[in-house]
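Residue numbers (my numbering), protein chains in the order written: chain E, 389 to 497; chain P, 21 to 135. Built from N, CA and C at the ideal position, the CB exists for glycine as well.
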Amino acid sequence: KNEVEQSPQNLTAQEGEFITINCSYSVGISALHWLQQHPGGGIVSLFMLSSGKKKHGRLIATINIQEKHSSLHITASHPRDSAVYICGPYSNTGNQFYFGTGTSLTVIP
Amino acid sequence: DTEVTQTPKHLVMGMTNKKSLKCEQHMGHRAMYWYKQKAKKPPELMFVYSYEKLSINESVPSRFSPECPNSSLLNLHLHALQPEDSALYLCASSQPLNRVRTEAFFGQGTRLTVV
Numbered sequence: 389k390n391e392v393e394q395s396p397q398n399l400t401a402q403e404g405e406f407i408t409i410n411c412s413y414s415v416g417i418s419a420l421h422w423l424q425q426h427p428g429g430g431i432v433s434l435f436m437l438s439s440g441k442k443k444h445g446r447l448i449a450t451i452n453i454q455e456k457h458s459s460l461h462i463t464a465s466h467p468r469d470s471a472v473y474i475c476g477p478y479s480n481t482g483n484q485f486y487f488g489t490g491t492s493l494t495v496i497p
Numbered sequence: 021d022t023e024v025t026q027t028p029k030h031l032v033m034g035m036t037n038k039k040s041l042k043c044e045q046h047m048g049h050r051a052m053y054w055y056k057q058k059a060k061k062p063p064e065l066m067f068v069y070s071y072e073k074l075s076i077n078e079s080v081p082s083r084f085s086p087e088c089p090n091s092s093l094l095n096l097h098l099h100a101l102q103p104e105d106s107a108l109y110l111c112a113s114s115q116p117l118n119r120v121r122t123e124a125f126f127g128q129g130t131r132l133t134v135v
């Protein structure tokens with residue numbers, strides 16, 4: 389049983405394109421992370437949000453707690469955005485983070 | 021200081037060796053986590069410590085032994101590992117588990133190869 393579903397699994401975009409990655413989850417949560425992982429590397433937290441919308445530079449994350457859905461948007465994508473993006477809801481009942489299977493993004497110059 | 025520091029970055033060990041992975045944070049976080057990540061897979065939870073006590077053990081084999089000697093330090097002791105244990109081991113920390121808006125910080129991981 390997958391508590392977290394991400395789509396798409398793989399995504400190739402041209403530089404400059406607007407990108408959306410979706411995350412649906414089934415567990416009750418108090419917060420949700422969007423994480424970035426470059427090949428062979430550790431994980432960097434991009435956002436932690438519990439409601440509404442957050443924006444950092446070209447990245448925007450939204451969450452709808454009632455619908456149990458979150459999205460990560462990248463505007464004006466760049467080759468350096470190429471990475472795996474992982475959705476990570478935090479379950480306040482399970483006392484742990486769950487992770488989606490990740491979306492592998494490749495941005496072509 | 022918003023860093024989680026993991027050492028070593030890379031480790032190659034034989035199946036009869038004993039080694040330890042170390043994770044350190046100085047953010048005052050009282051929850052610390054070990055995750056295992058295989059290539060092209062999401063991280064899998066191994067252990068959670070809350071206030072230096074083991075609160076979650078996700079049925080991890082006994083050849084992995086966690087230790088939390090103080091609120092800043094988390095170790096993972098390794099003994100008699102198998103080649104299939106080769107993976108990226110990630111440490112994370114966050115505020116206490118019953119706090120809302122729990123934000124996690126992750127280390128860069130230890131790339132472990134068992135030969």
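- Against chain P, the beta carbon of I474/E has neighbours under 7 Å at P62, listed in chain order.
- Taking all protein chains shown into account, S439/E has fewer than 16 neighbouring C-beta atoms within 10 Å of its C-beta and is therefore exposed.
- When DSSP states are grouped into helix, strand and coil, P396/E belongs to the coil group.
- Of all residues in the stretch 421-433 of chain E, only H421, L423, G428, G429, G430, I431, V432 and S433 come within less than 8 Å of chain P when Cβ atoms are compared, listed by chain position.
- For the stretch 98-115 of chain P, the set of residues with a beta-carbon nearer than 7 Å to any beta-carbon of chain E comprises L110, in chain order.
- If you compare the alpha carbons of Y486/E, F485/E, C411/E and V472/E with that of S492/E, the shortest gap goes to V472/E.
- No Cβ-Cβ contact shorter than 8 Å links Q45/P with G429/E.
- Given a length threshold of 3 residues, each whole run of the beta strand (DSSP E) inside the stretch 45-92 of chain P is given here in chain order: 51-57, 64-70, 73-77 and 84-90.
- In the DSSP assignment, L132/P falls within the beta strand (DSSP E) that extends over T130 to V134.
- For a Cβ distance threshold of 8 Å, residue set K61 and P62 of chain P lies close to T489/E, ordered along the chain.
- For Q484/E, the nearest beta carbon of chain P is closer than 8 Å to its own beta carbon.
- Neighbours of G129/P across chain E, judged by C-beta separation under 8 Å: G429, G430 and I431.
- With three or more CB-CB distances shorter than 8 Å, the stretch 45-61 of chain P counts as touching the stretch 101-111 of chain P.
- Annotated three-state conformation of P477/E is strand, per DSSP.
- Residue environment analysis places A464/E among the exposed positions, since fewer than 16 neighbouring C-beta atoms fall within 10 angstroms of its C-beta.
- Not a single CB atom of chain E sits nearer than 8 Å to the CB of F67/P.
- F406/E counts as exposed, since fewer than 16 other C-beta atoms from the protein chains shown sit within 10 angstroms of its C-beta.
- For the pair T489/E and P63/P, the CB atoms are not nearer than the 8 Å cut-off.
- A residue is called buried once 16 or more other Cβ atoms fall within 10 Å of its Cβ, and Q26/P is buried on that count.
- Annotation for M33/P: the continuous beta strand (DSSP E) segment containing it runs H30 to M33.
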